[in-house]
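Accompanying notes for the structure given below.
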Amino acid sequence: METITTLTDPMDFEQPKTPVMTDENVAIAADLRNAANALIGEKTRHGQTARRLQSQLDGFEERDLQLRANVQALQHTNAALAQEILRLKWTVDTLNRAMQAVCSHSQCHCQYYGRPVAYVD
1 METITTLTDP MDFEQPKTPV MTDENVAIAA DLRNAANALI GEKTRHGQTA RRLQSQLDGF
61 EERDLQLRAN VQALQHTNAA LAQEILRLKW TVDTLNRAMQ AVCSHSQCHC QYYGRPVAYV
121 D
(Lines of atoms letter the chains of each structure in order from A; the text may use other names.)
(Lines give C-alpha, C1' and ligand atoms only; values in the text may rest on other atoms or scores of the structure.)
Protein backbone atom coordinates (compact mmCIF):
# COMPACT_ATOMS: atom_id res chain seq x y z
CA MET A 1 0.00 0.00 0.00
CA GLU A 2 1.11 3.18 -0.92
CA THR A 3 0.68 6.14 1.33
CA ILE A 4 -0.41 9.33 -0.10
CA THR A 5 0.84 12.29 1.73
CA THR A 6 -0.57 15.58 0.99
CA LEU A 7 1.13 18.66 2.08
CA THR A 8 -1.07 21.32 3.41
CA ASP A 9 -0.72 24.57 1.68
CA PRO A 10 -0.29 27.49 4.11
CA MET A 11 -2.74 29.44 2.01
CA ASP A 12 -5.44 26.98 3.00
CA PHE A 13 -5.50 28.38 6.54
CA GLU A 14 -7.55 31.43 7.17
CA GLN A 15 -5.51 34.33 8.48
CA PRO A 16 -6.99 36.32 11.34
CA LYS A 17 -8.57 39.60 10.27
CA THR A 18 -7.08 41.64 13.11
CA PRO A 19 -3.55 41.25 14.38
CA VAL A 20 -3.11 39.65 17.72
CA MET A 21 -1.95 42.22 20.26
CA THR A 22 0.64 41.09 22.67
CA ASP A 23 2.00 42.94 25.66
CA GLU A 24 5.13 43.66 23.67
CA ASN A 25 3.11 45.15 20.80
CA VAL A 26 1.16 47.32 23.23
CA ALA A 27 4.38 48.57 24.83
CA ILE A 28 5.93 49.35 21.45
CA ALA A 29 2.78 51.20 20.35
CA ALA A 30 2.77 53.23 23.58
CA ASP A 31 6.47 54.07 23.16
CA LEU A 32 5.86 55.17 19.57
CA ARG A 33 2.88 57.30 20.63
CA ASN A 34 4.93 58.92 23.41
CA ALA A 35 7.82 59.56 21.02
CA ALA A 36 5.43 61.08 18.47
CA ASN A 37 3.88 63.33 21.14
CA ALA A 38 7.35 64.41 22.28
CA LEU A 39 8.31 65.23 18.70
CA ILE A 40 5.11 67.22 18.22
CA GLY A 41 5.85 69.18 21.39
CA GLU A 42 9.43 69.81 20.28
CA LYS A 43 8.22 70.94 16.86
CA THR A 44 5.81 73.36 18.54
CA ARG A 45 8.60 74.78 20.74
CA HIS A 46 10.93 75.14 17.76
CA GLY A 47 8.16 76.88 15.82
CA GLN A 48 7.61 79.33 18.66
CA THR A 49 11.36 79.96 18.90
CA ALA A 50 11.59 80.47 15.14
CA ARG A 51 8.70 82.99 15.21
CA ARG A 52 10.28 84.85 18.15
CA LEU A 53 13.67 85.00 16.43
CA GLN A 54 12.08 86.15 13.17
CA SER A 55 10.24 88.89 15.05
CA GLN A 56 13.50 90.00 16.68
CA LEU A 57 15.24 89.96 13.31
CA ASP A 58 12.49 92.10 11.79
CA GLY A 59 12.88 94.54 14.68
CA PHE A 60 16.65 94.65 14.20
CA GLU A 61 16.20 95.35 10.49
CA GLU A 62 13.78 98.21 11.21
CA ARG A 63 16.14 99.71 13.81
CA ASP A 64 19.08 99.28 11.43
CA LEU A 65 17.24 101.20 8.70
CA GLN A 66 16.32 103.94 11.18
CA LEU A 67 19.90 104.17 12.46
CA ARG A 68 21.24 104.40 8.91
CA ALA A 69 18.81 107.22 8.19
CA ASN A 70 19.90 108.98 11.40
CA VAL A 71 23.59 108.61 10.48
CA GLN A 72 22.92 110.03 7.03
CA ALA A 73 21.03 112.98 8.56
CA LEU A 74 23.94 113.61 10.96
CA GLN A 75 26.41 113.53 8.08
CA HIS A 76 24.35 116.13 6.21
CA THR A 77 24.12 118.24 9.37
CA ASN A 78 27.88 117.97 9.93
CA ALA A 79 28.54 119.08 6.35
CA ALA A 80 26.19 122.06 6.79
CA LEU A 81 27.86 122.98 10.10
CA ALA A 82 31.32 122.74 8.52
CA GLN A 83 30.20 125.14 5.77
CA GLU A 84 28.76 127.51 8.37
CA ILE A 85 32.02 127.42 10.36
CA LEU A 86 33.99 128.27 7.22
CA ARG A 87 31.59 131.13 6.48
CA LEU A 88 31.95 132.47 10.04
CA LYS A 89 35.76 132.20 9.90
CA TRP A 90 35.73 134.16 6.67
CA THR A 91 33.46 136.76 8.29
CA VAL A 92 35.75 137.10 11.33
CA ASP A 93 38.83 137.39 9.12
CA THR A 94 37.10 140.03 7.03
CA LEU A 95 36.08 141.98 10.14
CA ASN A 96 39.61 141.77 11.55
CA ARG A 97 41.06 143.11 8.30
CA ALA A 98 38.45 145.87 8.18
CA MET A 99 39.18 146.92 11.78
CA GLN A 100 42.91 146.89 11.14
CA ALA A 101 42.35 149.06 8.10
CA VAL A 102 40.20 151.51 10.09
CA CYS A 103 42.57 151.54 13.05
CA SER A 104 45.62 152.04 10.87
CA HIS A 105 44.19 155.41 9.75
CA SER A 106 43.55 156.62 13.29
CA GLN A 107 46.13 154.79 15.40
CA CYS A 108 46.01 157.04 18.39
CA HIS A 109 42.21 156.97 18.80
CA CYS A 110 41.48 153.26 18.03
CA GLN A 111 41.11 151.02 21.04
CA TYR A 112 41.35 147.89 18.85
CA TYR A 113 44.60 148.85 17.18
CA GLY A 114 46.78 145.79 16.83
CA ARG A 115 44.23 143.41 18.37
CA PRO A 116 42.01 141.13 16.29
CA VAL A 117 38.27 141.05 16.95
CA ALA A 118 38.37 137.29 17.47
CA TYR A 119 40.86 134.50 17.22
CA VAL A 120 39.95 131.81 14.75
CA ASP A 121 41.59 128.41 14.88
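For the sequence shown, the residue numbers in the numbering used here are 1 to 121.
Backbone N, C-alpha and C fix where the C-beta goes; we use that ideal spot for every residue, glycine too.
Spatial neighbours of residue i in its chain, beta-carbon cut-off 6 Å, leaving aside the 5 residues before and after
i	result
Ala98	none
DSSP three-state assignment for residue i, whether helix, strand or coil
i	result
Thr123	Past the boundaries of the shown model lies residue 123; the chain is included only from 1 to 121, so the question cannot be answered.
Cβ-based neighbour list, residue i, same chain, cut-off 7 Å, excluding 5 preceding and 5 following
i	result
Ala36	none
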